[in-house]
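K.L.:
Under my numbering, the first residue of the sequence shown is numbered 4, with each subsequent residue one higher.
Have a look at this one before I ask anything.
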Amino acid sequence: MFSEGTMAKSISRNLSAFSRPQNSLRSLLSGQQDVTDMAPQVQRGTVTSSIKELSSLANVVCRQCAKILQVGLEELREQFESEASAAAKEPQRFARNFLEYACFKALAVANQGTDPPLRDPGFRRLTYDMMVAWETPKASQKPVTKIENETSVGLEAFARLAPAVAVAADSITVHYLFDALNGSSGRLLTYPTYERYLVELDRTIRSIRSNHTATAAAQLGLQKGESVIEVDGNTTTPVLQHVRLSAWPGRLTLTDHAVYFEPSGVMAYDTASKFDLTSDSKQQIKADLTGPLGAKIFDKAVVYSSKARPEPVALEFPELTGNTRRNYWLACMQEILAVHAFTRTHHLEGIARQQALARAVLGIARLKTIWTMTRALPPHPTQLLTFVSADSLPSGDKVLKVLASSLQAQAEAVGDTPRDHLQKSAAEPARDGDDRAAGDSFAASRGAANSNSGRLEKMKAAIRMTVTGGDDGGGSPRSLLEDTGIVVGDELVGGETELERALAQARSHNKAVERAKASVELAKFEGIGNNVALLKELAVPFILLWGVFDSLRKWDDPPKTMIFISAVMYLIYSDWIRYAVPVFLLLNAGFILYLRYIKKFGRGNTPMVVVPAPPPSSTVGQLMSLQQAIAFVEYALQDVNIALLKTQALFFSEFTQATDQLLAAHVIAALALLVFPFKLVCVGWFLDTFTNELEFRRESTRKFIRRMKEWWYSIPVVPVKFVQSEAEGEDG
């Protein structure tokens with residue numbers, strides 16, 4: 004049996020062993036085979052060390068994990084049984100829990116260091132075999148599903164284990180990553196696709212690292228800790244900055260703090276313009292149309308607007324077909340903007356902030372990898388980016404809050420607090436010439452956990468708090484942990500971390516939102532005739548209700564009108580009118596329940612709006628309808644503008660007689676409201692509404708309306724003058 008202290012020393016020794024060339028991952032995993040090829044060896048008994056509860060696939064994987072940890076398989080089982088709760092060791096849960104324990108421990112050791120071990124073929128094969136074994140961990144389970152004799156894994160296994168592999172996936176975007184990878188194989192991921200992804204991801208990370216040089220940092224004037232992520236723009240494929248009616252070619256650079264545009268000069272690039280993405284200045288980045296001389300023609304631009312800038316800046320990414328370049332850069336800039344909004348909202352500093360930036364940069368690296376592999380971006384590129392994707396989910400703010408708590412707790416566990424960060428920043432001078440120290444986000448993603456192995460116990464305590472959600476739910480963190488599983492690294496064996504639970508709820512809600520959006524798209528019809536016909540059909544209940552009210556107002560059925568007037572006047576006079584709104588809401592709720600009842604026990608059919616199809620019309624007829632609709636909107640706008648201009652004329656006394664009459668009406672109305680009780684005023688207004696159509700008042704009402712129209716028509720409008728803006732005047 005091993006205590007946690009002994010395990011900490013063992014892991015520390017293993018880490019130092021991995022730093023030596025003779026004990027590298029390549030040597031430990033040399034000769035790694037496909038797990039399906041090694042399975043017969045276990046069945047024939049050629050491999051003596053095995054666990055009877057595990058399948059042959061799981062036994063092979065667990066032996067490889069024990070090899071990485073430099074312990075025997077039985078010794079690894081003893082460690083699991085000493086740390087696991089009774090619930091985690093139940094027969095129906097033992098196989099998968101032990102497999103997760105072995106995999107997470109091995110990956111925690113393999114992920115140590117500044118460079119992810121993605122270049123090692125043995126590591127890539129092992130991580131895929133972990134997913135294959137996770138799907139069939141028990142000895143009694145059938146072999147995994149195959150596609151054309153090629154082993155494959157499903158979404159659940161990939162989502163469970165891929166985030167534990169260094170930089171390969173993020174728990175927030177892992178579902179979208181799986182969909183982007185398996186487009187050609189349905190809902191299963193094959194090993195060739197997985198291996199190609201890891202190889203391309205390793206190349207992408209090294210390419211991003213190579214962008215950050217001392218020369219680039221000096222030219223752009225980068226701050227300490229600022230890393231270059233992406234560079235675009237050259238002689239053949241420039242980036243154009245649109246300034247009013249002119250466009251300037253140049254080079255665009257994205258860092259984890261800002262965007263820099265360098266206009267092309269005669270021999271070199273001119274001084275860069277900086278668009279800071281860290282400040283809280285109501286910044287927006289969105290797609291837009293651009294073209295020559297300010298024309299809105301090509302959908303290939305990104306527009307950056309900020310409260311700190313007098314006017315928006317448009318950056319165009321010219322290409323012959325499509326707008327892939329623009330979409331990629333738009334997604335990347337939105338992610339950097341989102342991660343800084345996240346760190347500001349949750350007040351993250353030091354290591355916690357660096358890890359948040361690392362998540363954002365790694366998300367961009369994965370997006371670029373998918374682009375390189377498939378030669379196309381996913382339909383929604385931002386779904387592969389951690390912070391934009393999380394914010395777009397229903398209850399995404401809760402997901403980000405849990406993520407912030409996790410980052411902050413782990414940073415504090417290794418002794419990094421905001422106060423320590425400020426003191427360290429003041430004490431250490433900037434190293435402008437160090438291209439790696441200037442901000443390696445990839446190393447920062449694991450630096451917090453590996454910076455001080457002597458604080459392993461504090462780190463475990465912090466992770467226990469973050470994976471179980473603290474004391475919420477009425478139980479202590481330890482009791483909750485005993486009910487769920489074992490903490491290994493950042494993962495929870497046999498259970499879900501608080502972040503995973505929040506993500507599961509958000510994804511469940513997102514499915515309902517997606518279904519609702521799909522129904523909305525089906526309800527969008529083309530053609531003015533179809534939409535007018537639908538609007539008329541949907542307005543039928545309101546038209547009928549107005550018809551009933553108008554019939555009462557015109558005394559078409561005098562007994563009903565008398566009953567209605569008497570009831571309303573009694574309610575007003577008895578001060579019961581305040582109950583009208585609550586009663587209306589209760590009646591509405593009862594009507595909804597009634598409709599639900601007849602739907603469930605009556606017809607049982609899904610409600611559907613049946614619309615009489617409009618008569619077919621030719622193209623000329625549709626154009627005429629469009630012209631009429633535009634003319635109707637134009638006349639409506641004119642009427643609204645004239646009403647507002649006449650109101651201004653009344654306030655500015657352009658027509659003194661009308662203004663005097665308006666003043667007198669205001670004074671009389673104010674005195675009436677002061678002298679008479681409000682309920683009497685309501686009774687008077689109600690009686691006037693329901694008696695102005697009676698025979699003895701009809702003529703006086705008609706004359707009053709005529710005089711009011713004549714009074715309104717006699718009011719002149721305030722003069723209007725259109726002037727050209729200064730910017731347009733200079734360009735003209």
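Glycine is no exception: its CB is placed at the ideal position from the N, C-alpha and C atoms.
Can you look up residue 137 in the DSSP assignment and give me helix, strand or coil?
P.N.:
Indexing the sequence shown from 1 puts residue 137 at position 134. Helix, per DSSP.
K.L.:
Kindly list the residues whose CB is nearer than 6 Å to the CB of residue 715, restricted to its own chain and excluding five residues on each side of it in sequence; keep chain order.
P.N.:
Numbered from 1 along the sequence shown, position 712 holds the residue referred to as residue 715. Cβ neighbours of residue 715 beyond the five flanking positions: none.
K.L.:
Return the first residue and the last residue of the alpha helix (DSSP H) that residue 390 is part of.
P.N.:
Translated into the one-based positions of the sequence shown, residue 390 becomes position 387. Note, residue 390: alpha helix (DSSP H), 389–395.
K.L.:
Between which two residues does the alpha helix (DSSP H) carrying residue 236 extend?
P.N.:
Mapped onto the sequence shown, residue 236 falls at position 233. Neither: residue 236 is in no alpha helix (DSSP H) and is coded neither H nor E.
K.L.:
Buried or exposed for residue 264, please, with buried defined as at least 16 other CB atoms from any protein chain shown within 10 angstroms of its CB.
P.N.:
Your numbering for residue 264 matches position 261 in the sequence shown. Its Cβ being crowded by 16 or more others within 10 Å, residue 264 is buried.
K.L.:
Indicate the three-state DSSP secondary structure (helix, strand or coil) for residue 459 in the structure shown.
P.N.:
Mapped onto the sequence shown, residue 459 falls at position 456. Any reading at residue 459 needs caution, since the residue's pLDDT is 42, under 50, leaving its predicted position unreliable; the model's value is listed next. Residue 459: helix per DSSP, three-state reduction.
K.L.:
In terms of DSSP beta bridges, what is residue 254 paired with?
P.N.:
Looking up residue 254 in the sequence shown gives position 251. Beta-bridge pairing links residue 254 to 265.
K.L.:
Please work out which residues of its chain come closer than 7 Å, Cβ to Cβ, to residue 694, disregarding the five sequence neighbours upstream and downstream, and give them in chain order.
P.N.:
Along the sequence shown, read from residue 1 onward, the residue named residue 694 stands at position 691. Excluding sequence neighbours, residue 694 sits near 700.
K.L.:
Thinking C-alpha only, which one of 199, 631, 281, 304 is nearest residue 242?
P.N.:
Start at 1 with the first residue of the sequence shown, and residue 242 comes out as number 239. Residue 242 has its Cα closest to that of 304, out of 199, 631, 281, 304.
K.L.:
Select from 613, 618, 68, 174 the residue whose C-alpha is nearest the C-alpha of residue 387.
P.N.:
On the sequence shown, position 384 is the one that residue 387 refers to. Minimum Cα distance to residue 387 is reached at 174.
K.L.:
Give the DSSP-derived three-state secondary structure of residue 659 in the structure shown.
P.N.:
Mapped onto the sequence shown, residue 659 falls at position 656. In this structure, residue 659 counts as helix in the three-state DSSP scheme.
K.L.:
Using the Cα positions of residue 355 and residue 414, report the straight-line distance between them to the nearest angstrom.
P.N.:
Along the sequence shown, one-based indexing puts residue 355 at 352. Along the sequence shown, one-based indexing puts residue 414 at 411. Near 6 Å, if we compare the C-alpha coordinates of residue 414 and residue 355.
K.L.:
Using alpha carbons as the reference points, say which of 340, 374, 368 lies closest to residue 391.
P.N.:
Residue mapping note: residue 391 aligns to position 388 of the sequence shown, counting from 1. When each option's Cα is compared against that of residue 391, the closest is 340.
K.L.:
Bridge partners of residue 301, per DSSP?
P.N.:
Within the sequence shown, residue 301 is the residue found at index 298, counting from 1. Answer is 293, bridged to residue 301.
K.L.:
Run through DSSP, which three-state label would residue 501 get?
P.N.:
Here residue 501 corresponds to residue number 498 of the sequence shown, with the count starting at 1. Residue state, collapsed to three classes: helix.
K.L.:
Is the Cβ-Cβ distance between residue 309 and residue 337 less than 8 Å?
P.N.:
For the purposes of this step, residue 309 is taken as the residue at position 306 of the sequence shown. For the purposes of this step, residue 337 is taken as the residue at position 334 of the sequence shown. Result no, Cβ atoms of residue 309 and residue 337 do not sit closer than 8 Å.
K.L.:
Can you give me the Cβ contacts of residue 600 inside the same chain, cut-off strictly under 8 Å, excluding the 5 residues immediately before and after it?
P.N.:
Here the question's residue 600 lines up with position 597 in the sequence shown. No residues qualify anywhere along the chain.
K.L.:
Which residue marks the beginning of the alpha helix (DSSP H) containing residue 736, and which one marks its end?
P.N.:
The question about residue 736 has no answer here: the residues shown for the chain are numbered 4 through 735.
K.L.:
Which complete beta strand (DSSP E) runs does the stretch 546–599 hold, if anything under 3 residues is left out?
P.N.:
Runs found: none.
K.L.:
Is the separation between the beta-carbon of residue 121 and that of residue 204 shorter than 8 Å?
P.N.:
Taking the sequence shown and counting its residues from 1, the one referred to as residue 121 is at position 118. Taking the sequence shown and counting its residues from 1, the one referred to as residue 204 is at position 201. Yes.
K.L.:
According to DSSP, is residue 319 helix, strand or coil?
P.N.:
Locating residue 319 in the sequence shown gives position 316, counting from the first residue. Strand.
K.L.:
Grab the span of the beta strand (DSSP E) containing residue 242 for me, first residue to last.
P.N.:
For the purposes of this step, residue 242 is taken as residue 239 along the sequence shown, with counting starting at 1. Residue 242 -> beta strand (DSSP E) spans 242–246.
K.L.:
Per the contact definition of three or more C-beta pairs closer than 8 Å, is the stretch 391–401 in contact with the stretch 508–524?
P.N.:
Taking 8 Å as the limit for Cβ pairs, the verdict is that the stretch 391–401 does touch the stretch 508–524.
K.L.:
Within its chain, find whatever has a CB closer than 6 Å to the CB of residue 302; leave out the 5 residues flanking it on each side and keep chain order.
P.N.:
The residue given as residue 302 occupies position 299 in the sequence shown. Cβ neighbours of residue 302 beyond the five flanking positions: 292, 326.
K.L.:
For residue 249 and residue 295, what's the separation of their Cα atoms in angstroms?
P.N.:
The count along the sequence shown starts at 1 and reaches residue 249 at position 246. The count along the sequence shown starts at 1 and reaches residue 295 at position 292. Going by the C-alpha atoms only, they are around 8 Å apart.
K.L.:
Kindly provide the ranges of any alpha helix (DSSP H) runs that are 4 or more residues long and lie completely inside the stretch 43–131, ordered along the chain.
P.N.:
Runs of the alpha helix (DSSP H) inside the stretch 43–131: 59–72, 76–86, 94–113.
K.L.:
So which of 589, 542, 232 has the shortest CA-CA distance to residue 216?
P.N.:
Within the sequence shown, residue 216 is the residue found at index 213, counting from 1. Residue 216 has its Cα closest to that of 232, out of 589, 542, 232.
K.L.:
Taking buried to mean at least 16 other C-beta atoms within 10 Å of its own C-beta, is residue 374 buried or exposed?
P.N.:
Looking up residue 374 in the sequence shown gives position 371. By the neighbour-count rule (16 or more Cβ atoms within 10 Å), residue 374 is buried.
K.L.:
What does DSSP give as the partner residue(s) for residue 307 in the beta ladder?
P.N.:
Taking the first residue of the sequence shown as position 1, residue 307 is located at position 304. DSSP lists 288, 316 as partners of residue 307.
K.L.:
Should residue 229 and residue 258 be called a contact, given that it needs their Cβ atoms to be closer than 8 Å?
P.N.:
Along the sequence shown, read from residue 1 onward, the residue named residue 229 stands at position 226. Along the sequence shown, read from residue 1 onward, the residue named residue 258 stands at position 255. Their beta carbons are under 8 Å apart, which means residue 229 touches residue 258 by this criterion.
K.L.:
Would you kindly report the start and end of the unbroken beta strand (DSSP E) that includes residue 713?
P.N.:
Reading the sequence shown from its first residue, position 710 is the one you call residue 713. First-last for residue 713: 698–716, but that is the alpha helix (DSSP H), not the beta strand (DSSP E).
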